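Right, one structure below, let's go through it.
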Amino acid sequence: MDGDEENYYGKHGEPRKFDPKFRGPIHNRHCTDVVCCVIFIVVILGYIALGIVAWVHGDPRKVIYPTDSYGQFCGQKDSPNENPTILFYFNILKCASPIVLINLQCPTTQLCVSKCPDRFATYIDVQASYRYKPEQWNYFRQFCKPGFNNPRKSVAQVLRDEDCPSMIIPSRPFLKRCFPDFSTKNGVLTVANQTTFKDGRGKTRNVTDLREAANGINNVLDARSVGMKIFEDYAISWYWILIGLFIAMIVSLLFLVLLRFTAGVLFWIFIFGVIGIIGYGIWHCYWEYDHLKGIPGSDLTVYDIGFQTDFRVYLQLRQTWLAFMIILCVVEVIIILMLIFLRNRIRIAIALLKEGSRAIGYIMSTLFYPIVTFILIAICISYWAVTAVFLATSGEAVYKVMANQTLCKYANLTCDPETFNTTNVTKLCPGAQCTFAFYGGESLYHKYIFIFQLANAFVFLWLVNFAIALGQCTLAGAFASYYWASRKPADIPLWPLFSSFGRAIRYHTGSLAFGALILAVVQLIRVILEYLDHKLKGTQNSFTRFLLCCLKCCFWCLERFLKFINRNAYIMIAIYGKNFCTSAKEAFFLLMRNVVRVAVLDKVTDFLLFLGKILVAGGVGVLAFFFFTQRIPIFAQEAPALNYYWVPLLTVIIGSYLVAHGFFSVYAMCVDTLFLCFCEDLERNDGSTAKPYFMSASLHRILGKKELSPKKA
Numbered sequence: 014m015d016g017d018e019e020n021y022y023g024k025h026g027e028p029r030k031f032d033p034k035f036r037g038p039i040h041n042r043h044c045t046d047v048v049c050c051v052i053f054i055v056v057i058l059g060y061i062a063l064g065i066v067a068w069v070h071g072d073p074r075k076v077i078y079p080t081d082s083y084g085q086f087c088g089q090k091d092s093p094n095e096n097p098t099i100l101f102y103f104n105i106l107k108c109a110s111p112i113v114l115i116n117l118q119c120p121t122t123q124l125c126v127s128k129c130p131d132r133f134a135t136y137i138d139v140q141a142s143y144r145y146k147p148e149q150w151n152y153f154r155q156f157c158k159p160g161f162n163n164p165r166k167s168v169a170q171v172l173r174d175e176d177c178p179s180m181i182i183p184s185r186p187f188l189k190r191c192f193p194d195f196s197t198k199n200g201v202l203t204v205a206n207q208t209t210f211k212d213g214r215g216k217t218r219n220v221t222d223l224r225e226a227a228n229g230i231n232n233v234l235d236a237r238s239v240g241m242k243i244f245e246d247y248a249i250s251w252y253w254i255l256i257g258l259f260i261a262m263i264v265s266l267l268f269l270v271l272l273r274f275t276a277g278v279l280f281w282i283f284i285f286g287v288i289g290i291i292g293y294g295i296w297h298c299y300w301e302y303d304h305l306k307g308i309p310g311s312d313l314t315v316y317d318i319g320f321q322t323d324f325r326v327y328l329q330l331r332q333t334w335l336a337f338m339i340i341l342c343v344v345e346v347i348i349i350l351m352l353i354f355l356r357n358r359i360r361i362a363i364a365l366l367k368e369g370s371r372a373i374g375y376i377m378s379t380l381f382y383p384i385v386t387f388i389l390i391a392i393c394i395s396y397w398a399v400t401a402v403f404l405a406t407s408g409e410a411v412y413k414v415m416a417n418q419t420l421c422k423y424a425n426l427t428c429d430p431e432t433f434n435t436t437n438v439t440k441l442c443p444g445a446q447c448t449f450a451f452y453g454g455e456s457l458y459h460k461y462i463f464i465f466q467l468a469n470a471f472v473f474l475w476l477v478n479f480a481i482a483l484g485q486c487t488l489a490g491a492f493a494s495y496y497w498a499s500r501k502p503a504d505i506p507l508w509p510l511f512s513s514f515g516r517a518i519r520y521h522t523g524s525l526a527f528g529a530l531i532l533a534v535v536q537l538i539r540v541i542l543e544y545l546d547h548k549l550k551g552t553q554n555s556f557t558r559f560l561l562c563c564l565k566c567c568f569w570c571l572e573r574f575l576k577f578i579n580r581n582a583y584i585m586i587a588i589y590g591k592n593f594c595t596s597a598k599e600a601f602f603l604l605m606r607n608v609v610r611v612a613v614l615d616k617v618t619d620f621l622l623f624l625g626k627i628l629v630a631g632g633v634g635v636l637a638f639f640f641f642t643q644r645i646p647i648f649a650q651e652a653p654a655l656n657y658y659w660v661p662l663l664t665v666i667i668g669s670y671l672v673a674h675g676f677f678s679v680y681a682m683c684v685d686t687l688f689l690c691f692c693e694d695l696e697r698n699d700g701s702t703a704k705p706y707f708m709s710a711s712l713h714r715i716l717g718k719k720e721l722s723p724k725k726a
């Protein structure tokens with residue numbers, strides 16, 4: 014039995030049994046994988062319940078508003094801190110980095126203030142000048158604890174009880190928190206044009222100490238300035254960005270339509286271009302090899318000169334160019350032999366690409382289905398993000414003892430601010446306070462928040478994969494109805510996309526959920542491996558790094574394989590209406606019986622679609638570059654004045670690529686569906702009057718008369 018006959022027979026040589034009345038996607042179906050469907054619905058209901066529980070316990074204000082040492086939000090409406098919206102730190106030098114500040118775990122008193130300090134001042138100086146400069150005290154005390162107005166209290170007691178900060182420094186609000194107002198003058202870091210400041214404890218310190226306390230904050234502030242300029246650019250160029258994306262959509266549509274006529278030309282131009290480039294490389298290697306003849310030292314071998322860090326040394330050897338020439342000759346011969354022996358399959362691949370363009374032309378509504386998938390995925394992402402935020406803010410306010418004495422045994426222990434003053438802690442640790450530390454809890458719900466977050470991530474992956482599976486199955490059903498139509502387009506059913514979507518939802522939710530579940534499990538494992546790799550990066554040994562690397566690689570390969578199997582299984586589900594496992598098995602064996610055609614079609618399709626994406630993104634990007642840089646005389650006056658022209662330019666290029674990817678993903682699904690239908694057509698029919706082929710006339714001509722007659726074992 015030859016390779017072509019295997020397409021018509023089972024893997025053990027017995028003829029496959031087909032329904033002689035088969036004429037396309039089966040309409041009389043039954044529900045598949047019902048158990049998985051029920052589990053999927055129950056999980057969705059549980060996911061909704063998890064979101065409700067998180068909504069009841071969570072409080073996003075903990076993320077939106079900063080929290081002072083008393084656990085109150087700054088800037089919250091209808092609260093005592095409604096007007097003071099900014100968080101002020103008594104001693105920012107105690108803060109290790111901006112991350113510590115943002116997480117509200119800086120070991121210093123934190124108060125809500127209306128504005129940040131705009132000058133240098135210390136409590137010692139303000140107290141000394143209180144009698145003849147009371148306005149300095151009135152300004153300074155707004156950064157003290159509410160109600161404190163006793164400038165005659167000793168400095169030691171004030172600092173011990175932390176009634177006021179020992180110093181204030183010029184600051185600016187960032188993330189609703191007061192950070193030092195860093196600037197650079199002649200390459201020197203300054204705050205309000207000063208390089209030193211008094212810390213209020215009798216020492217003069219350098220501004221770099223503030224920089225170390227707020228590590229990297231200057232870069233963050235500079236990034237904010239850049240961010241504002243980028244926002245301005247988007248505000249004045251969004252209209253033109255949308256026009257660029259619309260142009261990308263039109264170009265993508267035109268490319269898909271033109272593939273019906275240019276697929277073969279583009280592919281063969283590329284192939285002969287590669288052959289020509291390799292041929293030039295062979296000639297150049299021979300020229301270099303002949304040119305070095307007779308030059309002293311050129312006849313040495315690589316072994317003679319050993320390893321050299323300067324690789325240009327090897328280019329002075331004839332042996333190097335001879336090796337290059339032999340390698341290129343081998344590659345050239347392999348390509349030519351592949352073209353000779355696979356020419357028929359390449360022609361079939363190109364014909365299927367053209368047929369895909371024709372199918373999309375008849376069912377134009379399929380081009381806009383990715384919008385449905387995008388909306389479903391956007392809903393999943395939004396629900397996941399909101400649930401994650403509410404879960405992360407589900408904790409209750411936790412207070413801890415903050416003591417100035419390093420030897421206080423109660424330091425960092427949890428406490429109750431309402432009963433703290435009645436305990437012995439203040440006596441044993443003078444100056445100790447019960448201040449807000451972070452959000453957490455010891456209840457059963459709080460102990461399992463991490464598990465809930467994990468469940469949130471898993472169901473999110475499951476739902477996203479289900480949305481993608483639904484789109485693939487819907488498109489496959491629509492394109493299959495095109496292929497199995499005897500007379501195209503007369504026999505194509507009315508509203509094929511809508512009918513396919515209805516069949517997928519009504520009968521095959523369980524099968525799609527089953528395939529999505531398998532993929533979600535593998536993806537969750539990959540996420541956990543990435544998390545472990547990130548956590549253990551600083552402490553792992555060589556064996557651990559090797560093991561994690563191997564696991565990550567294996568699960569990446571497994572995910573790619575499962576995506577390939579699922580994609581083809583959904584096509585078989587759309588055509589025959591069988592369950593997931595049966596469809597996956599039949600699709601896999603069908604592809605294995607046509608493995609050469611699969612490989613050729615896959616590479617030809619990938620190349621042409623990649624070429625199309627680059628063409629769309631590059632062409633629209635070049636047009637956008639000339640427009641935003643005002644190099645098109647006709648539109649020079651229309652182009653907006655920008656801070657950074659690359660902001661809308663990159664947006665247009667990336668957006669154009671994504672638009673092209675959305676359209677071409679439909680095309681790729683169309684080609685895959687037509688290919689499976691083509692393989693099924695070859696196995697079901699023999700081209701006779703009783704069993705005519707459903708393929709197009711162009712595929713008839715490529716197959717030739719031999720394959721149009723019944724095959725015998």
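Those letters in the sequence shown? Residues 14 to 726, by the working numbering.
Think of the CB as a built atom: it goes at the ideal place given N, C-alpha and C, for glycine as much as any other residue.
It should be emphasised that the depicted structure is a prediction, and the values quoted were computed from it without experimental measurement.
Checklist entry - Grouping DSSP H, G and I as helix and E and B as strand, with all else coil, what is Ser196? => result strand
Next on the checklist: Could you check whether the Cβ of Val51 sits closer than 9 Å to any Cβ belonging to chain D?
Outcome noted: Chain labels in this structure do not include chain D; a single protein chain is all it has.
Checklist entry - Can you give, in chain order, each stretch of the alpha helix (DSSP H) that sits fully within the region 546–621 and has at least 4 residues? => result 555–589, 593–605
Next on the checklist: Quick check on DSSP: helix, strand or coil for Glu18?
Outcome noted: Low confidence applies here, because Glu18 scores a pLDDT of 37, under 50, leaving its location unreliable and the question unanswered by this model.
Checklist entry - Among Phe337, Arg190, Leu488, which has the Cα closest to the Cα of Cys129? => result Arg190
Checklist entry - Is Ala261 closer than 9 Å to Ala652 when the C-beta atoms are compared? => result no
Item to check | Contact set for Trp150: own chain, Cβ-Cβ below 7 Å, skip 5 residues either direction | outcome: Val139, Tyr143, Pro164
Checklist entry - When we look at the beta-carbon of Leu603 and count the other beta-carbons within 10 Å, is it buried (16 or more) or exposed? => result buried
Item to check | Residue from Ala493, Lys501, Pro147, Leu545 with nearest C-alpha to Tyr589 | outcome: Ala493
Checklist entry - What residues are listed by DSSP as bridge partners for Thr209? => result Asn219
Checklist entry - Buried or exposed: where does Ser555 fall if 16 or more other Cβ atoms within 10 Å of its Cβ makes it buried? => result exposed
Checklist entry - What's the call for Trp397, buried or exposed, on a 16-neighbour Cβ count within 10 Å? => result buried
Checklist entry - Assuming Ile531 contacts Thr686 under a Cβ cut-off of 8 Å, what Cβ separation, rounded to an integer in Å, is found between them? => result That pair is no contact at about 21 Å.
Item to check | Which listed residue (Ile182, Ser669, Ala482, Phe103) has its alpha carbon closest to that of Lys158 | outcome: Phe103
Checklist entry - Does the pairing of the region 464–473 with the region 397–407 give three or more beta-carbon distances under 8 Å? => result yes
Next on the checklist: If you follow the alpha helix (DSSP H) that Arg185 is in, where does it begin and where does it stop?
Outcome noted: Unbroken run through Arg185 is the beta strand (DSSP E), 184–187; no alpha helix (DSSP H).
Next on the checklist: Beta-carbon within less than 8 Å of Ile538's beta-carbon, same chain only, minus the 5 sequence neighbours each way: which residues are those?
Outcome noted: Phe568
Next on the checklist: Going by beta-carbon coordinates alone, are Leu279 and Leu621 separated by less than 9 Å?
Outcome noted: yes
Next on the checklist: Rounding to the nearest angstrom, what Cα-Cα distance links Tyr423 and Val47 in this structure?
Outcome noted: 59 Å
Checklist entry - What are the boundary residues of the alpha helix (DSSP H) that Gly479 is part of? => result Position check: residue 479 holds Phe in this sequence, whereas Gly was assumed. That run of the alpha helix (DSSP H) goes 462–496.
Next on the checklist: Given a cut-off of 9 Å on the beta-carbon distance, is the pair Thr45 and Asn592 in contact?
Outcome noted: yes
Checklist entry - I think Cys690 touches Ile586, with their Cβ atoms under 8 Å apart; what is that distance to the nearest whole Å? => result Not quite, the Cβ-Cβ distance comes to about 14 Å (not below 8 Å), so this is no contact.
Checklist entry - Between which two residues does the alpha helix (DSSP H) harbouring Cys47 extend? => result A small fix is needed here, since residue 47 is Val in this sequence, not Cys. Residues 47–70.
Checklist entry - Does the distance from the CB of Tyr382 to the CB of Val679 come in under 9 Å? => result yes
Item to check | Integer Cβ distance of Leu365 from Leu614, believed to fall under 8 Å | outcome: 6 Å
Checklist entry - Does DSSP put Lys440 in a helix, a strand or coil? => result helix
Item to check | Exposure label - Val608; buried when at least 16 CB within 10 Å | outcome: exposed
Checklist entry - How long is the line joining the alpha carbons of Tyr327 and Thr333, rounded to whole angstroms? => result 6 Å
Checklist entry - Are Cys428 and Thr436 touching if we call contact CB-CB under 9 Å? => result yes
Checklist entry - Nearest to Ala276 by CA position, among Ile361, Ala248, Phe259, is which residue? => result Ile361
Checklist entry - With a Cβ-Cβ cutoff of 9 Å, do Ala600 and Ala612 count as a contact? => result no
Checklist entry - From Arg606, Arg580, Arg610, pick the residue whose C-alpha is nearest to that of Ser596; which is it? => result Arg580
Checklist entry - What number of angstroms, rounded off, separates the C-alpha of Cys298 from the C-alpha of Ser311? => result 14 Å
Next on the checklist: Under 8 Å: do the region 290–305 and the region 700–708 share three or more Cβ pairs, one atom per stretch?
Outcome noted: no
Item to check | Distance, Arg154 Cα to Asn162 Cα | outcome: 7 Å
Checklist entry - Secondary structure at Lys242, three-state DSSP: helix, strand or coil? => result helix
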